[in-house]
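In what follows, a structure is listed as C-alpha cells, so that the remarks can point back to it.
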Amino acid sequence: MEQEKSYDFYSIEKKWQNKWYNEKTYSVEDLPLDNVNVGISGKNKQKFYCLEMFPYPSGRIHMGHVRNYSIGDAIARYKRLKGYYVLHPIGFDSFGLPAENAAIKNNTNPKEWTLKNIETMEVQLKKLGLSYDWDRKIITSDSSYYKWEQLFFIQMYKKGLAYKKLSRVNWCESCHTTLANEQVENGKCWRCGNEITIKNMEQWFFKITDYAEELLSELNNLSGWPDKVKLMQKNWIGKSEGLSVLFKIYAEQTHLEIFTTRPDTIFGATYLAISPLHPLAKDLLKTEDAKVKTEELIRKSLISKELNEKEGVFTGSYAINPFNGQKLPIYIANFVLMDYGTGAIMSVPAHDERDFEFAKKYNIEIKQVIKNKSNKKTSLNIKKDEIKRNENESDDKIKEDEIKELKKPFLEGGILINSSIFTGLTSEEAKKAISLEAEKTGIGKRVINYRLKDWGISRQRYWGCPIPIVYCKKCGAVPLREEDLPLELPENVTFTGKGESPLAKLESFIDARCPICGGQAKRETDTMDTFVESSWYYAKYTTKSKSDLPVNSNGNSNLRSANNCNSGSNSNSNSNSASAVSQSSFKQYPFDKKAANYWLPVDQYIGGVEHAVMHLLYARFFIKVLRDLGYLNVNEPFKNLLTQGMVVKDGSKMSKSKGNVVDPDDLINKYGSDTVRLFSLFAAPPEKDLEWNDKGVEGSYRFIVRIYKIILLYEHYLTNTAIKEQKKFNEPKEFQKIRENKEDENFLKGADIELKEINNELNGIIKKSETEMDGRFHFNTIISSCMELVNKIYEYDKNKNQNDLTESDAYLLKHILNSILIILYPFIPHVCSECFEILGGGAATANIEYAGWPKIMETGYKIDTCNIAVQINGKLRSQITANIDLEQQDILSLSLKDDKIKKNISDISLVKKSIYIKNKLINIII
RNA sequence: GCGAAAGUGGCGGAAUUGGUAUACGCACUGGACUUAGAAUCCAGCGGGGCAACCCAUGGGGGUUCAACUCCCCCCUUUCGCACCA
C-alpha cells in the first residue's frame, strides 16, 4: 500500500501563491487587448470590478481584514470562473493619525513607520493567497498619489467647491484636530471616542451641499445597496421642504426670517425663538437681565452642542405674525440651532413637542389650530392660488379651555381651526395654500433645507496631504500653480505631541512665495482629512501605468525646493515614466479617462458598515466632482455594496484592551490560509457579525483534509482506470461530447445509481451556488451543501469496492469531484487548485483558473419515486413513498393504506377534503 | 424620543416563493482502533413521555387546509439619528 500523503498546506499554498505572483495570473490591462493568452484576455468578456475597502497600514492584518478580503476574493475568483474580465486591486490608505501618534510615542518617522507596516501587511496579504493585481498597488501617502488630490483641490477651489470660512467646528482634544460632522458619533470622536468640543476656527470645506440633491436622488438608483445604508445616507442628508417667512419686528424696521415645515400651523404661533448665536440676538435685547442671561446661553452654546434642558430668555422685543397681525414675544432659546435653516423659528406649542415643552416652562400661550380629521369634508374650494370660502360654512368652534388643557401637543396633520380663511382645510391643503399666499404677498418663500453640512477637511495634523494654498499679504489666499505640484510633505519635522501641528512650526515649510506676485507668503499648514484619499482611490486603480509628474524637469519649482525634502516623487519602481517626465506639468491625468469609464463603477464593493455615512458619502460626492471636472463620465462609484459584519469574540469586538484578539498569522501558520478563509466564510453569512470560534476553525480544517483525502483516494483509482492518462477518454468523440456537454446517454447509463443521485444533487448545488454568488453571498450555505456532498461521496466509497467501478462510474465521479473543487475554489483556492491538478484537470485545461464554472450534466437519471409527507389536519402523521407525478386521488388512497394513517382514519368517508402539493405533501382534513 | 434591523437546539447557523422546522458545522455522549493518548472512523444528539403521542422558531392574538415565513399588539437586543423646527 502506498504511503498516504498528508495534507501539507504549507507547501501547497506556497506553490500556488508563487505561481500566481510570478505569472501575474490576476493582472489585467487598463483596457482589454485583442490578443492575450487564453483565459486572461478581456476581449469579448464582460468587465467586473471587485473591490474591498483598502486597509490603513496600522501594523498587522486583523481578522476583520481577513473576512473582508476573503469575501472579496471569493467573488473575484467566482466571476473569473464565470468568464468575466476581473479587476481586483489593492492598496494602502496610508495617511492618518496612528502613524503620527506612533511617531510621538516612539520618536519614529511616520513615513518609515508606515512603509514598514505596509511591507509587513503586504506579506500577510500575499500569504492569504488573494487574487489581486498587485501592479496597481496604491500608497496614498506617496506624493505620486496625493499630488493629484492637490490638483483636484486647486481645481475645486477655482470652481468654488473648496472654500475657507470661519465656523464653529468639532474639536477633538485627544486627536488634537478638527473633525467633520460625519466623524462625530454621539458627541464623540469616531476614532478615539473622546468628547468633542466646539471651536471657532478658520477651516477649509468642500462644498458637498452643492450635491445634496443629487446625492439624495441617486440613492434611488442604487438598487445594489443595502436599504439600511441608503436610509442612513438619506437621513444624514436630511432634506426637508418648508416655508421661510419674514416676521416684522414690532416698532422696528427690521425683520426676522424663520423657517418652518409646518406652514399649516402658522396661526398657532405664539412666540418666536431664535438661537443664542443669531446675529440679531443682541439687538433685540431690551433689559439688562435678558442681556446677562443671554451671555450665559451664548457661552454654553459655544462650547458644546449637548443640551440637557431647554432654556430661554424673553428679549423684550415682539414680532408681528404677518398672517393675523398678532404680536408675538421673541425669545432667545438654546434649543434653536444656528446652523440649520435661518437660526430662528416660529413656535407653535400646540403642535410641536419642543415648542410645547418650552411654552410650558415659560408659561407661554398654547393655541390649537389643528384638530383631528373629522369625516366632514371640507367645503372649501381651492382653485390654483385662490381660496374661496363657501357661504354656508359653519364655524368649527373650539372652546378655549379645550386648547389650554392639552396635555401634550397634537403632532399629526388634521383639519385647520382658528385659522381665518384657511380654517377647514386639511393640513396638506393648508401647507400649500398658506405657502402660496405667503409667496403672493411677498412675505415668504418655499425653501428646501438640508441637514447635510459642507465637509470640513482641514486637519491640524502632520501626516496628511498638504493643502496647496499660500497666504500672501497682497493677494490673500492663493492656490499653488498646478505645475508646481506636488507640494511634498516635509520630512524633517519634530513631534512633540503638544500644541499645533508640526507643520505650523516648521519655518522652512511655512515660508513661501506668492504664485501671483512673487512676494512673501505663508503656507497653509493644515492638511486634508484622510477621507479625501479614499474618496477617489477606486478611480486611480483603473490605470496601471503610473503617469508621474515630471521630477526636476521644471526648473522654477521654487515652491517645492523650499520644503527641502526629497523631491523624488518615488512611486514604486517600474513605472515607465520616461515619457511622462518629458511632458510638461499637468497635461497628464491621474488616471486614464477611458480606463476609468471602462471599469467604473465598481461592480461589487465590500467593507464595514461603519463607513455608511463617512467614506461612502464622501466617495459618492467626489466621483461627481471628478465627473464635473471632466476626469470621467460616471455618476456613482459603487454599483453594488456589501456591508460585512464585525468579527467578534466572546460577544464583543476584538480589541487589544479586551484581550480577545486572534492573530490571523498564528492561525495561518497552524492551519494554512485556506482554513482561515473557509472558516470566516462558513461561520456566518457576510452581513452578520461573525463569532470567532477556535474549535470551529478546526472543523473547517477537517473538511479541507477530507476533500484532499478523497481526491488522493481516487487519484489512485482514476489513474488505474485510465482517466488520468485519458486512454479511453482521449478519443475525440468522447472529448467532443464532454466539451459540448452532450454526454452519451448510453455511456452514462452504465454508471452507478448512487453516483447519478450524487450527480443530481451536485446539479442542485451548481444552481444554488450561482444564485448565491449573484448577490446574496451566503457562502455558508454553499459550503454546507458541499460538505454534505463530500460526506455522500465518502459514504459511496465505503459501500463500493473500487475494483467494481466501471469506466462510466469513473467518468461521472471525476466530473463530480472536479465540479466540487471548482465550486469551492473561490473560497479555498490553494487546495482546490492542487486537487484539480492531482486529478489531471478537466476536459479543456489542467488549470482550475481557466476551467470555467461547472456545467450541469444530465445523466438521464430521474428519481421515479418521491417521499410525500402526509398530514392530518395540518399535523405531520406519516410519510409515504410514491411514484413521482401521481395525481391527488392516487396519493390520497395510498396514504389511507399507510398504517399510521389508518389508525386515525378508518374509512375514506371520514375525509372531508385534502390538499395536495405535488410530489411533496398531502394534507388530509377530517 | 424617532428610525431601522434582528430574536430558531448547549453554540454558530439552515429553511431564498407560506408546504416534512432544527440542514451543515461546533460542543457533548457512547462505541471501534490503540499499552495509552492524539488523530481518524461509526452511532446518538430540541424538550417531555415506557409508549401512542404531546410541546417547541421571544410572548400574545389573527389570517390559512397549512405560518420561522403574512397581518396586529407587546417584550428584548443591536445599530443609526438625537432638539434639523
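Going letter by letter, the first sequence gives residues 299 to 1224 in this note's numbering.
Think of the CB as a built atom: it goes at the ideal place given N, C-alpha and C, for glycine as much as any other residue.
Classification of residue i by the beta-carbon crowding that lies within 10 angstroms, buried from 16 upward
{"i": "E1093", "result": "exposed"}
{"i": "C473", "result": "buried"}
{"i": "C490", "result": "exposed"}
{"i": "K838", "result": "buried"}
{"i": "V421", "result": "exposed"}
{"i": "N468", "result": "buried"}
{"i": "N366", "result": "buried"}
{"i": "K1096", "result": "exposed"}
{"i": "Y305", "result": "buried"}
{"i": "T559", "result": "exposed"}
Rounded distance between the beta-carbons of residue j and residue i, thought under 8 Å
{"i": "V907", "j": "V527", "result": "7 Å"}
{"i": "S392", "j": "I359", "result": "The pair is not a contact, with the Cβ atoms about 15 Å apart (cut-off 8 Å)."}
{"i": "I369", "j": "I1126", "result": "Going by Cβ atoms, the distance from I369 to I1126 rounds to 14 Å, so no, they are not a contact pair."}
{"i": "T840", "j": "D890", "result": "7 Å"}
{"i": "L504", "j": "I808", "result": "Here residue 504 turns out to be Phe, not Leu, going by the sequence shown. So it is not a contact: roughly 24 Å between Cβ atoms."}
{"i": "H1128", "j": "I310", "result": "5 Å"}
{"i": "S733", "j": "G712", "result": "With a Cβ gap of about 18 Å, S733 and G712 do not count as contacting."}
{"i": "I556", "j": "T640", "result": "6 Å"}
{"i": "M912", "j": "E480", "result": "5 Å"}
{"i": "C815", "j": "V768", "result": "Contact doesn't hold; Cβ gap of about 11 Å is too wide."}
{"i": "V646", "j": "I630", "result": "That belief does not hold up - the Cβ atoms of V646 and I630 are roughly 18 Å apart, past 8 Å."}
Opposing strand residues paired with residue i [DSSP bridges]
{"i": "A810", "result": "A819"}
{"i": "T438", "result": "T438 is not bridged to any residue."}
{"i": "H553", "result": "K546"}
{"i": "G906", "result": "Q942"}
{"i": "I1220", "result": "V1168 and Y1214"}
{"i": "Y616", "result": "P627"}
{"i": "S645", "result": "Y569"}
Own chain residues within Cβ distance below 7 Å of residue i, not counting five before or after
{"i": "Y916", "result": "W753, F829 and S833"}
{"i": "K377", "result": "F346, C348 and V384"}
{"i": "N931", "result": "N895 and R925"}
{"i": "L1046", "result": "S1106, L1110, T1157 and G1158"}
{"i": "L626", "result": "A567, T568, Y569, L570, Y616, A617 and N619"}
{"i": "Y748", "result": "T507, A510, I535, G536 and K537"}
{"i": "M636", "result": "S573, L575 and H576"}
{"i": "S1193", "result": "V1168, I1178, I1199, I1220 and I1222"}
{"i": "H363", "result": "P353"}
{"i": "P983", "result": "H1076 and N1078"}
Nearest neighbour of residue i, chosen from the options [CA to CA]
{"i": "K705", "options": "E735, E737 and Q666", "result": "Q666"}
{"i": "N1116", "options": "I1008, L513 and I1213", "result": "I1008"}
{"i": "I1206", "options": "K1218, Q1187, I1215 and N1217", "result": "Q1187"}
{"i": "K1173", "options": "P408, D562, N1221 and R466", "result": "N1221"}
{"i": "A1144", "options": "C1130, K1153, M1155 and H649", "result": "C1130"}
{"i": "L395", "options": "H363, G381 and T475", "result": "T475"}
{"i": "K445", "options": "V960, R918, S1067 and E831", "result": "E831"}
{"i": "L379", "options": "G997, E1068 and C763", "result": "E1068"}
{"i": "L464", "options": "W502, K954 and L541", "result": "W502"}
{"i": "M644", "options": "S717, E651 and I564", "result": "I564"}
{"i": "I1182", "options": "I601, L517, D1196 and N1165", "result": "N1165"}
{"i": "N1217", "options": "L1194, C1084 and L1184", "result": "L1184"}
{"i": "D431", "options": "W318, I1063 and M454", "result": "W318"}
{"i": "R1004", "options": "C1133, G1138 and S978", "result": "C1133"}
Close beta carbons around residue i, own chain, < 8 Å, minus the five adjacent residues each side
{"i": "A910", "result": "K526, V527, M530, Q531 and T941"}
{"i": "V482", "result": "N468, W488 and I494"}
{"i": "S871", "result": "At S871 the pLDDT is 33, less than 50, meaning the model places this residue with poor confidence; the figure from the coordinates comes in the next sentence. Nothing meets the Cβ criterion."}
{"i": "R1175", "result": "V1168, Q1169, K1198, I1199 and N1202"}
{"i": "K516", "result": "A quick correction: the sequence has Glu, not Lys, at residue 516. Within the same chain, E516 has close Cβ partners R918, N933 and E934."}
Distance cut-off 8 Å: residue i Cβ against heavy atoms of the ligand PLP
{"i": "E1086", "result": "With respect to small molecules bound, the structure shown includes none, and the ligand PLP cannot be examined in it."}
Close-in-space but distant-in-sequence residues of the same chain around residue i (CB under 6 Å, 5 per side omitted)
{"i": "N868", "result": "Unreliable positioning characterises N868 in this predicted model, as indicated by a pLDDT of 36, which lies under 50. A coordinate reading is not provided."}
{"i": "W523", "result": "L939"}
{"i": "K546", "result": "H553 and I618"}
{"i": "D948", "result": "N958"}
{"i": "Y1227", "result": "Residue 1227 lies beyond the range of the chain shown here (299 to 1224); nothing can be said about it."}
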